[in-house]
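This report refers to the structure that appears directly beneath it.
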Amino acid sequence: MSETVAKETLTLQDRLVNVWDWTADRLTLVRILGGIAMFLGFLHYTPLPQLPIDALIELHGDLAPELVGMGLTIWLIDWAVERRQQQELKQQLTRDLLGSVNDFALRAIRELQEHEWWEVVLEEQKVKFGAVQWQRAGLPGVNLQGASLVQANLEGADLRNANLEGADLRNANLEGATLWYANLQQADLSEANLQGINFWNAKLDRVALWKSNLQRANLSFAPLRGVDLSEASLQGADLSRAELDEADLSVAKLEGANLSSAYLRRAQLRGANLQGSQLANTKFQKANLEGANLQEADLSIAQLQGANLWNADLQRANLWNADLQGANLCNADLQGANLSSANLHEVELFEANLQGTDLRHANLEGVTNYTIKQLHQAKTREGATMPDGTRLYHEEYNPDGITFEEWAALQEAGEAQADNVDEEE
222 MSETVAKETL TLQDRLVNVW DWTADRLTLV RILGGIAMFL GFLHYTPLPQ LPIDALIELH
282 GDLAPELVGM GLTIWLIDWA VERRQQQELK QQLTRDLLGS VNDFALRAIR ELQEHEWWEV
342 VLEEQKVKFG AVQWQRAGLP GVNLQGASLV QANLEGADLR NANLEGADLR NANLEGATLW
402 YANLQQADLS EANLQGINFW NAKLDRVALW KSNLQRANLS FAPLRGVDLS EASLQGADLS
462 RAELDEADLS VAKLEGANLS SAYLRRAQLR GANLQGSQLA NTKFQKANLE GANLQEADLS
522 IAQLQGANLW NADLQRANLW NADLQGANLC NADLQGANLS SANLHEVELF EANLQGTDLR
582 HANLEGVTNY TIKQLHQAKT REGATMPDGT RLYHEEYNPD GITFEEWAAL QEAGEAQADN
642 VDEEE
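Okay, here's the thing in structure tokens:
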């Protein structure tokens, strides 16, 4: 018997909901009627001034409870219907979001945000968007914090001010996307296609860019301290004035990149290809450039104090006025390099190739592990300061100085004399 009553009650509730679904477009009228009913009902508890007809007062008293109940019922049903409609809309938008139709998914994102359901749905569904096709999508300000967008296609998408903090964008395609002011902190962009992207004012702290494609990307002034850019493709990228202290750029491809005035202190650039890159006034203090290709790179006024350039290729590089104090140039290839006015104080030159180098006005005082033969390889040395502190002749700046040949002869004579003393002892 109780089951029958429950079924009838359920049927009645369903019928009521169906009726109100049918009259959903008339909800405004219903609300007005409900309000009137409640108003008339509550008048029972307040005096009715200036009503001369006693019959109306008596009728008012008799109907008051019914009117109040009717008004409350109308409002409760109205609330239930509206709540159900909102739930159905939310469910439909969630289905669209997770569906395969690109346009529906993008519309769902916008509407979920408008209704302030976006964060709730992300949390409830643990959304993994995966390889969505959102190319050229307009998503400014979208919140995709922590979202999984592995292999997503976001080519040309508008992601200005987007929150992508902690998002998984591995292997994603963002070529030509707009990421101005976007939050990419701790996002994983490993092996992502980021060609031509302008990261102007984007937050990039602790972002992962391992093996990513950043060719022609604009990372000027970018905060990339400690970021993993190992094996990344950065050919032609603009990294001028970028903060890359302690960043890992091992084996990165940086041919023709602009890193002028960038900060790369204690950065890892082992095996990196920097051929023809712009490195003027770049800060490389204590950076590891072991085996790096710096052929024809512009390193004028660069700060390379204490840098490791062991086995680096510096052929035809421009190191004019660069500061290499205490750097390791063992086995480095400096053929045809311009080292004029460079500071090579206390540099290690073991097996370094100085064939055809320009050492005019260079400071070689305190250089270690060198040979006279190595210094003979240089193309020119006028005005240079030799390892023992002797300043060589220069027509304008040091006309009273000795020539390199004279200095070399003195060194060789001194070495021979020292050898004789050793033999006698």
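In the numbering used here, each residue carries its 1-based index in the sequence shown increased by 221.
Beta carbons: idealized from backbone N, C-alpha and C, even for Gly.
- Distance from the CA of S454 to the CA of L435, rounded to the nearest whole angstrom, comes to 6 Å.
- Rounded to the nearest angstrom, the gap between the Cα atoms of Q524 and Q506 is 6 Å.
- By the beta-carbon neighbour count (other beta carbons within 10 angstroms, threshold 16), G610 is exposed.
- For E412, the three-state secondary structure derived from DSSP is coil.
- Judged by beta-carbon spacing, A488 lies within the 8 Å limit of E467, meaning their Cβ atoms are closer than that value.
- Between L535 and L565, the CB-CB gap reaches or exceeds 8 Å.
- The DSSP-derived three-state label of G587 is coil.
- If you draw a 10 Å sphere on the C-beta of G359, you find fewer than 16 other C-beta atoms in it, and that means exposed.
- Ranked by Cα distance from S562, the options L555, D579, A423 are led by D579.
- Per DSSP, the unbroken alpha helix (DSSP H) holding K594 starts and ends at 593-597.
- DSSP places A429 in the strand class (E or B) of the three-state scheme.
- In this structure E452 is buried. Its beta-carbon is surrounded by 16 or more other beta-carbon atoms within 10 angstroms.
- Nearest to L485 by alpha-carbon distance, out of N549, A403, L470, A634, is L470.
- Here the alpha carbons of N529 and L520 stand approximately 15 Å from one another.
- Of the residues assessed, Y618 falls on the exposed side of the cut-off, its CB having fewer than 16 other CB atoms within 10 angstroms.
- The C-alpha of R305 is placed about 10 Å away from the C-alpha of Q312.
- For L613, the three-state secondary structure derived from DSSP is strand.
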